[in-house]
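Undergrad: Protein chains in written order, with the numbering used here: chain R, 1 to 349; chain U, 1 to 349.
Dropping the structure in here first, questions after.
2 protein chains.
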Amino acid sequence: MVTMGDVAARAGVSQATVSFVLGGSSDRLKISAQTRERVLAVARELGYQRNQIARAMVTGKSRIIGVLTAPQASENIINILAGAMETANENEYLLKVLHLSYDSIDDATIARCLEWRLASALIVGLSEEAHARLHEAFRANRIPLAVIDNVPPTEWGVRIRSDDEEGIAQVISHLTALGHRQIAYIGGRPGLLSGWREASFRTALAAAGMVAPPHWIRQSSWGDQRIIEADVQAMFQQSGDTLPTAVVCSADTIAMVVLRVARARGLRLPADLSVTGYSNGSLSGFADPPLTTVDQSFTEMGRVAAAHVIAIAERGDARGNAGDTVDGLDIRIPTRLIERGSTAPPPPG
Amino acid sequence: MVTMGDVAARAGVSQATVSFVLGGSSDRLKISAQTRERVLAVARELGYQRNQIARAMVTGKSRIIGVLTAPQASENIINILAGAMETANENEYLLKVLHLSYDSIDDATIARCLEWRLASALIVGLSEEAHARLHEAFRANRIPLAVIDNVPPTEWGVRIRSDDEEGIAQVISHLTALGHRQIAYIGGRPGLLSGWREASFRTALAAAGMVAPPHWIRQSSWGDQRIIEADVQAMFQQSGDTLPTAVVCSADTIAMVVLRVARARGLRLPADLSVTGYSNGSLSGFADPPLTTVDQSFTEMGRVAAAHVIAIAERGDARGNAGDTVDGLDIRIPTRLIERGSTAPPPPG
DNA sequence: AACGGGGACTGAAACGTATAACTAATACGT
DNA sequence: ACGTATTAGTTATACGTTTCAGTCCCCGTT
Numbered sequence: 001m002v003t004m005g006d007v008a009a010r011a012g013v014s015q016a017t018v019s020f021v022l023g024g025s026s027d028r029l030k031i032s033a034q035t036r037e038r039v040l041a042v043a044r045e046l047g048y049q050r051n052q053i054a055r056a057m058v059t060g061k062s063r064i065i066g067v068l069t070a071p072q073a074s075e076n077i078i079n080i081l082a083g084a085m086e087t088a089n090e091n092e093y094l095l096k097v098l099h100l101s102y103d104s105i106d107d108a109t110i111a112r113c114l115e116w117r118l119a120s121a122l123i124v125g126l127s128e129e130a131h132a133r134l135h136e137a138f139r140a141n142r143i144p145l146a147v148i149d150n151v152p153p154t155e156w157g158v159r160i161r162s163d164d165e166e167g168i169a170q171v172i173s174h175l176t177a178l179g180h181r182q183i184a185y186i187g188g189r190p191g192l193l194s195g196w197r198e199a200s201f202r203t204a205l206a207a208a209g210m211v212a213p214p215h216w217i218r219q220s221s222w223g224d225q226r227i228i229e230a231d232v233q234a235m236f237q238q239s240g241d242t243l244p245t246a247v248v249c250s251a252d253t254i255a256m257v258v259l260r261v262a263r264a265r266g267l268r269l270p271a272d273l274s275v276t277g278y279s280n281g282s283l284s285g286f287a288d289p290p291l292t293t294v295d296q297s298f299t300e301m302g303r304v305a306a307a308h309v310i311a312i313a314e315r316g317d318a319r320g321n322a323g324d325t326v327d328g329l330d331i332r333i334p335t336r337l338i339e340r341g342s343t344a345p346p347p348p349g
Numbered sequence: 001m002v003t004m005g006d007v008a009a010r011a012g013v014s015q016a017t018v019s020f021v022l023g024g025s026s027d028r029l030k031i032s033a034q035t036r037e038r039v040l041a042v043a044r045e046l047g048y049q050r051n052q053i054a055r056a057m058v059t060g061k062s063r064i065i066g067v068l069t070a071p072q073a074s075e076n077i078i079n080i081l082a083g084a085m086e087t088a089n090e091n092e093y094l095l096k097v098l099h100l101s102y103d104s105i106d107d108a109t110i111a112r113c114l115e116w117r118l119a120s121a122l123i124v125g126l127s128e129e130a131h132a133r134l135h136e137a138f139r140a141n142r143i144p145l146a147v148i149d150n151v152p153p154t155e156w157g158v159r160i161r162s163d164d165e166e167g168i169a170q171v172i173s174h175l176t177a178l179g180h181r182q183i184a185y186i187g188g189r190p191g192l193l194s195g196w197r198e199a200s201f202r203t204a205l206a207a208a209g210m211v212a213p214p215h216w217i218r219q220s221s222w223g224d225q226r227i228i229e230a231d232v233q234a235m236f237q238q239s240g241d242t243l244p245t246a247v248v249c250s251a252d253t254i255a256m257v258v259l260r261v262a263r264a265r266g267l268r269l270p271a272d273l274s275v276t277g278y279s280n281g282s283l284s285g286f287a288d289p290p291l292t293t294v295d296q297s298f299t300e301m302g303r304v305a306a307a308h309v310i311a312i313a314e315r316g317d318a319r320g321n322a323g324d325t326v327d328g329l330d331i332r333i334p335t336r337l338i339e340r341g342s343t344a345p346p347p348p349g
């Protein structure tokens with residue numbers, strides 16, 4: 001591999017000069033235009049590629065962002081990664097995948113983060129337990145952190161999430177505009193994401209002058225179809241003669257199951273029942289009928305998250321310690337309602 | 001951050017000794033049990049974390065595996081990543097996401113690969129153009145490569161794919177066992193994955209003593225619903241009175257559309273028509289009825305791919321050049337049929 | 001008693017870059 | 001003509017490790 005020394009020798013200058021020309025941040029030292037040109041020409045000629053590892057070593061900054069995530073919402077994660085990578089590339093940072101399991105964080109994972117002198121970290125969709133563990137470790141080692149999730153506010157790092165209150169409000173206002181007054185809600189397990197959406201649902205409903213009976217607001221599962229199916233059935237059964245005319249779901253997967261159960265009960269969709277999803281996954285377009293859902297712009301979340309951790313890392317000192325704490329910064333990314341075929345005006349009755 | 005020098009000073013030994021104790025590959029030099037113990041104790045006490053960057057620098061091996069992929073089949077990619085990470089962790093390698101777009105590879109991406117002195121690379125699901133570009137670059141720089149895809153055989157690197165011939169054969173034998181004799185096929189765009197599956201379909205069908213008329217074998221789209229829908233409609237229309245009793249699809253998404261179109265035409269599922277998907281994505285379980293499909297074990301592909309590139313990288317010399325070429329090694333990962341509700345015996349007529 | 005040999009450890013030289021500190025040469029105001 | 005700035009570079013050191021080449025000492029052999 002060609003080194004700066006090789007380039008220097010060929011161009012008849014010192015290695016330091018090459019470093020100043022190719023290093024980028026050469027506002028400290030002036031290099032004449034002709035020397036610069038010559039060095040650049042030789043570098044190109046020799047096919048020089050700078051060595052980021054040596055660079056990281058001497059500056060003490062690794063320019064590596066660790067990504068710790070879970071495979072659950074794979075599509076969302078990919079979009080977040082794409083967004084984060086975009087920003088990372090612009091700043092010559094690198095994304096490393098370090099953890100891909102919902103559950104526990106083992107010591108080896110923490111060790112890898114420290115061994116590679118992570119410049120910062122991104123956490124997406126981990127369990128509360130895993131989350132707490134990482135939070136503690138990164139805080140102790142002063143590694144800037146961004147969490148993309150609806151976790152409780154943290155003392156270390158930035159928190160980024162989609163504006164669920166707005167998203168649910170968009171759904172409710174869409175449904176009320178269609179004429180719905182009987183609206184039910186089915187969400188996932190409480191604690192992580194669903195809790196927030198359920199509260200948002202109640203708020204938005206109240207703001208529109210409605211209330212839903214308790215059996216129309218249910219906490220079910222995110223992904224287990226049998227549980228969801230049982231809950232949906234229970235909701236219909238307990239409703240007796242006054243069925244809801246619309247069901248708001250906290251996930252596209254849940255909405256898919258609602259569609260299936262409703263059809264099995266002989267309801268026409270969306271004429272007899274409107275159903276909304278949440279997340280705008282690729283699934284939603286393949287539902288029958290295609291789901292009206294809320295787009296969360298995970299790409300944007302990734303971009304914003306990366307931008308923040310990079311900014312914090314850059315402010316740090318030369319030995320990798322973050323400068324500011326940025327305690328509990330909380331960023332909300334706007335949502336957007338995607339209207340498709342699963343919502344319609346309620347039946348005349 | 002604590003260095004080996006700090007540990008050495010505290011333990012009253014030289015830095016070299018610490019390196020021999022903590023370095024792992026210390027079969028070269030004997031260290032007495034008591035010295036080893038003392039060094040380990042001090043390292044633990046001081047919270048020493050070894051510096052992988054300095055390590056990479058001096059050994060000339062980065063222990064970094066670059067991942068270049070596309071967001072299309074996000075779920076598959078996550079599973080591949082999970083598998084690759086498992087193997088990478090075991091070998092103290094690291095996974096970096098370097099590219100996340102189906103289309104072109106820009107110079108900056110190539111530069112990043114070289115600047116970070118990639119130990120090896122994993123390519124998944126890129127366009128043929130992007131693929132050719134990377135293939136050339138990695139070959140020129142002697143970076144070991146694994147491609148997880150049904151691309152044409154390459155001269156550099158390892159090729160890993162699921163055994164589509166076996167997968168389709170499993171589907172056909174499942175359908176014939178149920179009694180089907182009228183089987184149609186709808187696949188995605190030719191060239192990448194679909195071409196192979198279509199050929200496998202013809203082969204398996206012929207082996208079972210059947211032939212399908214031309215309008216029962218169609219090349220459609222992987223993801224564009226309108227195109228798929230039009231093709232499915234066309235297939236039914238051109239079939240006249242003799243409809244197929246089963247439709248084999250080369251993707252779960254395609255199968256979802258077939259289900260919808262068939263239902264819209266008044267067919268009962270699966271009583272009147274059996275449908276099979278391919279890939280066993282999370283989608284497939286949410287279909288109505290749930291899809292019978294073929295599991296591809298992407299996790300295993302990731303594991304195998306990582307294992308191979310690491311093995312090749314390790315055989316290389318100290319300056320990162322790969323030792324062996326491993327020309328056109330072609331590995332097939334077995335598939336598994338997942339029987340669910342979308343297949344049943346054909347109607348009596 | 002001299003010598004060989006091996007076990008246990010140390011010294012020092014890399015690896016490729018960034019950068020502080022220094023130097024040489026030129027320009028400028030008086 | 002002289003001191004001072006400024007420009008355009010160079011020299012040398014440091015970053016934290018791996019690893020080669022010694023060094024030292026003790027033990028067994030002749």
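Idealized CB from N, CA, C, for every residue including glycine.
Any C-beta of chain U within less than 8 Å: which residues of the segment 246-270 of chain R qualify?
TA: So the list reads T253, M256, V257, L259, R260, R263, given in the order they occur along the chain.
Undergrad: Would you mind stating whether A292(U) and E166(U) have Cβ atoms separated by less than 9 Å?
TA: According to the sequence provided, residue 292(U) is Thr. The question's Ala does not apply to it. Contact flag unset, no.
Undergrad: Can you pull the chain R neighbours of P71(U), defined as C-beta to C-beta under 9 Å?
TA: Here the neighbours are E75, I78, N79, L81, A82.
Undergrad: DSSP beta-bridge partners for I65(U)?
TA: BP columns for I65(U) point to L95(U), S120(U).
Undergrad: Just to confirm before moving on: does the CB-CB distance between A41(R) and A70(R) stay below 9 Å?
TA: Result no, Cβ atoms of A41(R) and A70(R) do not sit closer than 9 Å.
Undergrad: Note down, in chain order, every chain R residue with its Cβ under 8 Å from the Cβ of I53(U).
TA: Neighbours of I53(U) on chain R, chain order: I53, A56, M57, S62, W116, R117.
Undergrad: By the 10 Å Cβ neighbour count, where 16 or more other Cβ atoms means buried, how is E339(U) classified, buried or exposed?
TA: Classification for E339(U): exposed.
Undergrad: If distances are taken between C-alpha atoms only, which option among W196(U), S19(U), L68(U) comes closest to D163(U)?
TA: Cα-wise, what sits closest to D163(U) is W196(U).
Undergrad: Quick one: is F236(U) near chain R, going by C-beta distance under 9 Å?
TA: No, its Cβ sits nowhere closer than 9 Å to a Cβ of chain R.
Undergrad: Does chain R have any CB closer than 9 Å to the CB of V67(U)?
TA: V67(U) counts as touching chain R.
Undergrad: Using 9 Å as the limit for Cβ to Cβ distance, is S162(R) near chain U?
TA: No, its Cβ sits nowhere closer than 9 Å to a Cβ of chain U.
Undergrad: Would you say H174(U) and T343(U) are within 9 Å of each other, going by their C-beta atoms?
TA: Going by C-beta atoms, H174(U) is nearer than 9 Å to T343(U).
Undergrad: CB I205(R) to CB S274(R), shorter than 9 Å?
TA: One point to set straight first is that residue 205(R) is Leu, not Ile, in the sequence displayed. Going by C-beta atoms, L205(R) is not nearer than 9 Å to S274(R).
Undergrad: Can you check which of these residues, A255(U), T242(U), R55(U), is closest to V232(U) by C-alpha distance?
TA: Of the candidates A255(U), T242(U), R55(U), the one whose C-alpha sits nearest the C-alpha of V232(U) is A255(U).
Undergrad: Less than 9 Å between the beta carbons of Q182(R) and P345(R), yes or no?
TA: Contact: no.
Undergrad: Using a beta-carbon distance cut-off of less than 7 Å, what residues from the segment 285-317 of chain R approach chain U?
TA: Listed in sequence order: G285, F286, D288.
Undergrad: For the candidate residues T17(U), A43(U), E45(U), P244(U), whose alpha-carbon lies nearest to that of S32(U)?
TA: Selected option, being the one with the closest Cα: T17(U).
Undergrad: How many angstroms separate the CA atom of V13(R) from the CA atom of G5(R)?
TA: Cα to Cα, the separation comes out at about 9 Å.
Undergrad: Mind checking T154(R): buried by the 16 CB within 10 Å criterion, or exposed?
TA: Its Cβ being crowded by 16 or more others within 10 Å, T154(R) is buried.
Undergrad: Please classify A88(R) as buried or exposed, where buried requires at least 16 other C-beta atoms within 10 Å of its C-beta.
TA: So A88(R) counts as buried.
Undergrad: Quick one: give me the first and last residue of the beta strand (DSSP E) that A146(R) is part of.
TA: Residues 145-148.
Undergrad: From this set, V147(R), I168(R), E128(R), which residue's C-alpha is nearest Q161(R)'s C-alpha?
TA: For clarity, residue 161(R) is Arg in the given sequence; the question names Gln instead. Of the listed residues, the one whose Cα sits closest to R161(R) is V147(R).
Undergrad: In the structure shown, what three-state DSSP assignment does D295(R) receive?
TA: Residue state, collapsed to three classes: strand.
Undergrad: Does K96(U) have its Cβ less than 9 Å from a Cβ in chain R?
TA: Cβ-Cβ to chain R under 9 Å: yes for K96(U).
Undergrad: F236(R) and A262(R) - do their beta-carbons sit closer together than 9 Å?
TA: Contact flag set, yes.
Undergrad: Consult DSSP for V275(U) and reduce its assignment to one of helix, strand or coil.
TA: Strand, per DSSP.
Undergrad: Would a C-beta distance cut-off of 9 Å place I208(U) and I172(U) closer than the cut-off?
TA: The sequence shown places Ala at residue 208(U), rather than the Ile named in the question. Against a cut-off of 9 Å, the Cβ pair of I172(U) and A208(U) comes out as a contact.
Undergrad: Would you say V7(R) faces chain U, with C-beta separation under 9 Å as the test?
TA: No, because no Cβ of chain U sits closer than 9 Å to the Cβ of V7(R).
Undergrad: So, is the C-beta of A11(U) closer than 9 Å to a C-beta in chain R?
TA: No, A11(U) does not count as interfacial toward chain R.
Undergrad: Is the beta carbon of G277(U) sitting closer than 9 Å to the one on C249(U)?
TA: For G277(U) and C249(U), yes; Cβs fall inside 9 Å.
Undergrad: When Cβ atoms are compared, which residues of the segment 145-175 of chain U fall closer than 8 Å to chain R?
TA: So nothing in the stretch comes that close.
Undergrad: For the beta strand (DSSP E) containing V248(R), list its first residue and its last residue.
TA: 246-249 is the span of the beta strand (DSSP E), which, as asked, contains V248(R).
Undergrad: On the CB-based measure, 16 or more other CB atoms within 10 Å of its CB, does Q34(U) come out buried or exposed?
TA: So Q34(U) counts as exposed.
Undergrad: DSSP on G5(R), reduced to helix/strand/coil?
TA: If DSSP states are grouped into helix, strand and coil, G5(R) belongs with the helices.
Undergrad: From G157(R) to L329(R), what does the alpha carbon distance come to, in whole angstroms?
TA: Between G157(R) and L329(R), the C-alpha separation is close to 7 Å.
Undergrad: Do you know how far the Cα of I53(R) is from the Cα of M57(U)?
TA: Taking the straight line from one Cα to the other gives about 6 Å.
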